[in-house]
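As given, the protein sequences belong to chains A and B, one line each in that order.
One point on numbering: in my numbering, the residue at position 95 of the first sequence is 147, and numbering is uninterrupted.
One point on numbering: in my numbering, the residue at position 80 of the second sequence is 132, and numbering is uninterrupted.
For every residue, glycine included, the Cβ atom is placed at its ideal position computed from N, Cα and C.
One structure is given below, encoded as structure tokens.
Protein chains: 2
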Amino acid sequence: MEVVKNKAEILRRLKGGLIVSCQSEPPEPLAKPHILVAMAKAALMGGAVGIRANLPQNIRAMLKALDVPVIGIYKKVYQNSEVFITPTLRELKALLCTGVPIIAMDATDRQRPYGQNLEDLVAYARANSSALLMADISAVEEGLRASELGFDLIGTTLAGYTEYTKKSFKPEEPDFKLIAELSQSLKGRTPVIAEGRIWFPEQAIKSLKLGAFAVVVGTAITRPWAITQRFVKALKKSLV
Amino acid sequence: MEVVKNKAEILRRLKGGLIVSCQSEPPEPLAKPHILVAMAKAALMGGAVGIRANLPQNIRAMLKALDVPVIGIYKKVYQNSEVFITPTLRELKALLCTGVPIIAMDATDRQRPYGQNLEDLVAYARANSSALLMADISAVEEGLRASELGFDLIGTTLAGYTEYTKKSFKPEEPDFKLIAELSQSLKGRTPVIAEGRIWFPEQAIKSLKLGAFAVVVGTAITRPWAITQRFVKALKKSLV
Numbered sequence: 053m054e055v056v057k058n059k060a061e062i063l064r065r066l067k068g069g070l071i072v073s074c075q076s077e078p079p080e081p082l083a084k085p086h087i088l089v090a091m092a093k094a095a096l097m098g099g100a101v102g103i104r105a106n107l108p109q110n111i112r113a114m115l116k117a118l119d120v121p122v123i124g125i126y127k128k129v130y131q132n133s134e135v136f137i138t139p140t141l142r143e144l145k146a147l148l149c150t151g152v153p154i155i156a157m158d159a160t161d162r163q164r165p166y167g168q169n170l171e172d173l174v175a176y177a178r179a180n181s182s183a184l185l186m187a188d189i190s191a192v193e194e195g196l197r198a199s200e201l202g203f204d205l206i207g208t209t210l211a212g213y214t215e216y217t218k219k220s221f222k223p224e225e226p227d228f229k230l231i232a233e234l235s236q237s238l239k240g241r242t243p244v245i246a247e248g249r250i251w252f253p254e255q256a257i258k259s260l261k262l263g264a265f266a267v268v269v270g271t272a273i274t275r276p277w278a279i280t281q282r283f284v285k286a287l288k289k290s291l292v
Numbered sequence: 053m054e055v056v057k058n059k060a061e062i063l064r065r066l067k068g069g070l071i072v073s074c075q076s077e078p079p080e081p082l083a084k085p086h087i088l089v090a091m092a093k094a095a096l097m098g099g100a101v102g103i104r105a106n107l108p109q110n111i112r113a114m115l116k117a118l119d120v121p122v123i124g125i126y127k128k129v130y131q132n133s134e135v136f137i138t139p140t141l142r143e144l145k146a147l148l149c150t151g152v153p154i155i156a157m158d159a160t161d162r163q164r165p166y167g168q169n170l171e172d173l174v175a176y177a178r179a180n181s182s183a184l185l186m187a188d189i190s191a192v193e194e195g196l197r198a199s200e201l202g203f204d205l206i207g208t209t210l211a212g213y214t215e216y217t218k219k220s221f222k223p224e225e226p227d228f229k230l231i232a233e234l235s236q237s238l239k240g241r242t243p244v245i246a247e248g249r250i251w252f253p254e255q256a257i258k259s260l261k262l263g264a265f266a267v268v269v270g271t272a273i274t275r276p277w278a279i280t281q282r283f284v285k286a287l288k289k290s291l292v
């Protein structure tokens with residue numbers, strides 16, 4: 053299907069909507085491109101306006117089968133860095149090759165592998181594609197910096213997962229403070245997407261009310277093992 | 053894998069646990085046996101103790117791949133009856149052929165297709181297999197009757213879905229009253245399984261505390277389109 057490429061059109065389609073993250077890695081049994089595509093189709097049946105997906109093979113399958121904006125990431129763990137969401141030029145290039153209309157990458161202050169830096173990745177993407185760029189950040193200052201660097205979208209994806217934001221981590225609750233502050237600061241400049249630990253519709257609504265442009269929900273919708281585990285842990289705890 | 057057949061062993065494995073219902077029908081994109089098996093495996097990774105599945109082809113695939121107790125149903129809509137969970141002898145026979153260790157069927161007071169009746173279905177199953185039988189009911193009296201008929205398990209699956217229990221229907225909330233009353237009445241006789249509209253771990257815990265033997269959760273874990281829809285509806289409503 054035709055890939056949605058135009059920035060205004062992409063933003064129009066995502067605005068106020070639910071983007072469903074469809075990720076699964078081995079040994080998870082759903083970690084196959086065609087199953088993740090089926091999962092994404094199910095999400096679209098339910099009214100999702102976009103999909104977030106990991107790894108080129110999955111993204112390619114999604115782009116072939118879906119006609120909504122897809123946000124592509126490439127998770128890869130390097131030994132010498134904590135950055136793992138599209139960490140280096142290598143993963144960025146692989147994503148660019150898929151033709152995915154939106155590419156998300158870690159935009160925290162942490163050291164990237166091999167001393168690579170965010171500015172160079174952005175410059176490379178801009179010079180070689182018309183893909184929109186989404187900055188996955190953990191703190192307000194990172195979001196402001198990403199906006200200055202020209203990112204098209206900023207996601208609160210990593211809030212609570214960097215060493216310096218650990219204290220704001222609440223299980224099953226997004227970082228509303230970050231969502232609110234960043235949306236306020238970047239109003240009229242860069243859309244902020246609420247992502248991370250959104251488990252309930254009420255949290256998605258609150259995120260939009262606090263100024264988020266759109267909302268990403270993943271685990272609560274597309275990770276049956278994690279949802280099951282949430283129930284099982286609660287049941288076991290209640291039996292103690 | 054070896055099918056768990058012994059009643060005491062099956063009950064021991066299910067007791068106090070989470071059974072995940074993995075169902076999907078066309079046009080849902082996940083409605084394929086191998087995808088439903090992957091879904092079930094994901095649920096088992098998360099700690100589920102059993103699986104509930106619909107249709108012989110899916111059940112066969114589950115039995116081949118999983119080594120937990122499987123509850124099999126065969127949904128089929130007949131024009132002359134509201135009963136659709138293993139409604140007639142035809143569906144029952146098809147389930148018996150799969151060798152599934154537990155067979156669930158509608159055990160409400162409603163008319164079955166072709167004037168067939170519950171007693172005959174139970175008698176046929178008993179004469180032709182050692183499968184455990186689970187009664188899907190909607191009201192206390194139906195549960196008591198099913199227990200008298202010798203059902204091994206009773207599920208609150210249809211509470212709120214029969215004409216005469218519509219008034220007890222609450223969206224996103226199981227019929228706790230039914231779970232409590234039936235568990236109390238059948239204590240020491242027939243285990244009651246809480247099923248239907250369990251969306252949150254707290255509801256599963258409450259069900260066990262009210263006396264349920266185990267809990268079945270389906271949609272909230274294995275229907276990404278329905279979970280997505282729940283979020284999308286809430287978002288849309290909040291924007292009005």
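Report yes or no: do three or more beta-carbon pairs, one from the stretch 78–89 of chain B and one from the stretch 275–282 of chain A, lie closer than 8 Å? The answer is no - the stretch 275–282 of chain A does not touch the stretch 78–89 of chain B, with fewer than three Cβ pairs under 8 Å.
Where the beta strand (DSSP E) through D158(A) begins and ends: Here residue 158(A) refers to the residue found at position 106 of the first sequence. Segment 154–158, the beta strand (DSSP E) holding D158(A).
Three-state secondary structure assigned by DSSP to I123(A): To locate residue 123(A), count along the first sequence from 1; it is residue 71. If DSSP states are grouped into helix, strand and coil, I123(A) belongs with the strands.
Element boundaries [alpha helix (DSSP H), containing D161(B)]: If you number the second sequence from 1, residue 161(B) lands on position 109. No alpha helix (DSSP H) holds D161(B); DSSP gives it neither H nor E.
Specify, as a first and last residue, the run of the alpha helix (DSSP H) that S181(B) falls within. Numbered from 1 along the second sequence, position 129 holds the residue referred to as residue 181(B). Where S181(B) is concerned, there is no enclosing alpha helix (DSSP H), given that its DSSP letter is neither H nor E.
Quick one: which chain A residues come within Cβ less than 7 Å of M157(B)? The residue labelled residue 157(B) in the question sits at position 105 within the second sequence. Under the 7 Å cutoff, chain A gives no residues; its nearest Cβ is about 26 Å from M157(B).
Please return the same chain residues whose Cβ sits closer than 6 Å to the Cβ of G248(A), not counting the five positions on each side in sequence. Numbered from 1 along the first sequence, position 196 holds the residue referred to as residue 248(A). Around G248(A): T208, T209, A211, P226.
Could you check the C-alpha separation between E293(B) and F265(B) for me, to the nearest Å? Residue 293(B) lies beyond the stretch modelled for chain B, which goes from 53 to 292, so this question has no answer here.
Answer with buried or exposed for L291(B), where buried requires no fewer than 16 other C-beta atoms within 10 angstroms of its C-beta. Within the second sequence, numbered from 1, the residue matching residue 291(B) stands at position 239. Counting C-beta atoms within 10 angstroms of its own C-beta, L291(B) has fewer than 16 neighbours from the protein chains shown and is therefore classed as exposed.
Just to confirm my understanding: we take S237(B), look at its own chain, exclude 5 residues before and 5 after, and list those with CB closer than 8 Å. What are they? Residue 237(B) sits at position 185 when you count from the first residue of the second sequence. Cβ within range, chain order: V192, G195, L196.
In the DSSP assignment, the alpha helix (DSSP H) including I245(B) goes from what residue to what residue? As a working mapping, residue 245(B) is identified with position 193 in the second sequence. Per DSSP, I245(B) belongs to no alpha helix (DSSP H); it is in the beta strand (DSSP E), 244–247.
Would M53(B) count as contacting chain A if we go by Cβ distances under 8 Å? Here residue 53(B) refers to the residue found at position 1 of the second sequence. Because M53(B) sits at a pLDDT of 42, beneath the cut-off of 50, its placement in the model cannot be relied upon, and the following sentence gives the value as read from the coordinates. No, its Cβ sits nowhere closer than 8 Å to a Cβ of chain A.
Between the Cα of R164(A) and those of Y176(A), K116(A), I137(A), spot the shortest distance and give me the residue it belongs to. Walking along the first sequence from the start, residue 164(A) turns up at place 112. The shortest CA-to-CA distance from R164(A) to any of Y176(A), K116(A), I137(A) is the one to I137(A).
Identify the contact partners of I231(A) in chain D, using a Cβ-Cβ distance below 9 Å as the criterion. Absent from the structure: chain D. Protein chains present are A and B.
Tell me, which residues are paired with G102(B) by DSSP? The residue labelled residue 102(B) in the question sits at position 50 within the second sequence. Partner(s): I71(B).
Let me know the secondary structure DSSP gives G263(B) once reduced to three states. Translated into the one-based positions of the second sequence, residue 263(B) becomes position 211. In the structure shown, G263(B) adopts coil according to DSSP, grouped into three states.
Taking only beta-carbon atoms, is R282(A) less than 8 Å away from chain B? Sequence index remark: in the first sequence, residue 282(A) carries index 230 (1-based). Yes - at least one Cβ of chain B is within 8 Å of the one on R282(A).
In this structure, how does DSSP classify V269(B) when only helix, strand and coil are distinguished? Translated into the one-based positions of the second sequence, residue 269(B) becomes position 217. DSSP, read as helix, strand or coil, puts V269(B) in strand.
Taking 8 Å as the threshold, find out whether the stretch 82–93 of chain A comes into contact with the stretch 246–260 of chain A through three or more Cβ pairs. Cβ pair count under 8 Å is below three, so no.
So is P276(A) in contact with chain B if we call contact Cβ pairs under 8 Å? For the purposes of this step, residue 276(A) is identified with residue 224 of the first sequence, where counting begins at 1. Yes, contact with chain B.
So, at 8 Å on beta carbons, what are the nonlocal neighbours of G202(A) in its own chain, with the 5 sequence-adjacent residues on each side left out? By one-based count along the first sequence, residue 202(A) stands at place 150. Once the five neighbours on either side are set aside, the close Cβ partners of G202(A) are V174, R178, L185.
In this structure, what does DSSP give as the bridge partners for L205(A)? For this step, residue 205(A) is matched to residue 153 along the first sequence. For L205(A), which the question treats as bridged, DSSP gives the partners M186(A).
How about S290(A): is its C-beta nearer than 8 Å to some C-beta of chain B? In the first sequence, counting from the first residue as 1, residue 290(A) sits at position 238. Residue-level contact check: S290(A) touches chain B, since one or more beta carbons of chain B fall below 8 Å from its beta carbon.
If I'm right that C74(A) touches I103(A) with Cβ under 8 Å, what's the distance once you round it to whole angstroms? Translated into the one-based positions of the first sequence, residue 74(A) becomes position 22. Translated into the one-based positions of the first sequence, residue 103(A) becomes position 51. Contact between C74(A) and I103(A) holds, since their C-beta atoms are separated by about 6 Å, short of 8 Å.
Is A105(B) closer than 8 Å to V129(B) when the C-beta atoms are compared? Mapped onto the second sequence, residue 129(B) falls at position 77. Mapped onto the second sequence, residue 105(B) falls at position 53. Contact: no.
Cβ-based burial, G124(B) [other Cβ within 10 Å; buried from 16]: Taking the first residue of the second sequence as position 1, residue 124(B) is located at position 72. Buried, since its Cβ has 16 or more Cβ neighbours within 10 Å.
Out of A94(A), A286(A), E200(A), Y213(A), point me to the one whose CA is closest to R241(A)'s CA. Within the first sequence, the letter at position 189 stands for residue 241(A). When each option's Cα is compared against that of R241(A), the closest is E200(A).
I'd like to check one pair, Y126(A) with L147(A): are the Cβ atoms closer than 8 Å? As a first step, residue 147(A) is located in the first sequence; it is residue number 95 there, counting from the start. As a first step, residue 126(A) is located in the first sequence; it is residue number 74 there, counting from the start. In this structure, the beta-carbon distance from L147(A) to Y126(A) falls below 8 Å.
For a quick check, are the C-beta atoms of D204(A) and A156(A) less than 8 Å apart? What you label residue 204(A) is simply residue 152 of the first sequence in a count that begins at 1. What you label residue 156(A) is simply residue 104 of the first sequence in a count that begins at 1. No, they are not a contact pair.
Tell me the DSSP secondary structure of R84(B) in three-state form. The residue given as residue 84(B) occupies position 32 in the second sequence. The identity of residue 84(B) in the sequence shown is Lys, whereas the question assumes Arg. In this structure, K84(B) counts as coil in the three-state DSSP scheme.
Kindly indicate which three-state DSSP category E225(A) falls into: helix, strand or coil? Stepping through the first sequence from its first residue, residue 225(A) is reached at position 173. DSSP places E225(A) in the strand class (E or B) of the three-state scheme.
Check whether chain A comes within 8 Å of I273(B), counting only Cβ atoms and requiring the distance to be less than that. For the purposes of this step, residue 273(B) is identified with residue 221 of the second sequence, where counting begins at 1. Yes - at least one Cβ of chain A is within 8 Å of the one on I273(B).
Bounding residues of the alpha helix (DSSP H) (the contiguous stretch that carries P108(B)): Counting from one through the second sequence, the residue named residue 108(B) turns up at place 56. Where P108(B) is concerned, the enclosing alpha helix (DSSP H) starts and stops at 108–117.
With DSSP as the reference, please indicate the residues paired to I137(B) in a beta bridge. Translated into the one-based positions of the second sequence, residue 137(B) becomes position 85. In the DSSP output, where bridge partners are listed per residue, I137(B) has K127(B).
Closer than 8 Å, CB to CB, is L82(B) near chain A or not? Working through the second sequence from its first residue, we reach residue 82(B) at position 30. Yes - at least one Cβ of chain A is within 8 Å of the one on L82(B).
Report yes or no: is there a C-beta of chain A within less than 8 Å of the C-beta of M114(B)? Looking up residue 114(B) in the second sequence gives position 62. Chain A, which has no Cβ nearer than 8 Å to the Cβ of M114(B), makes this no.
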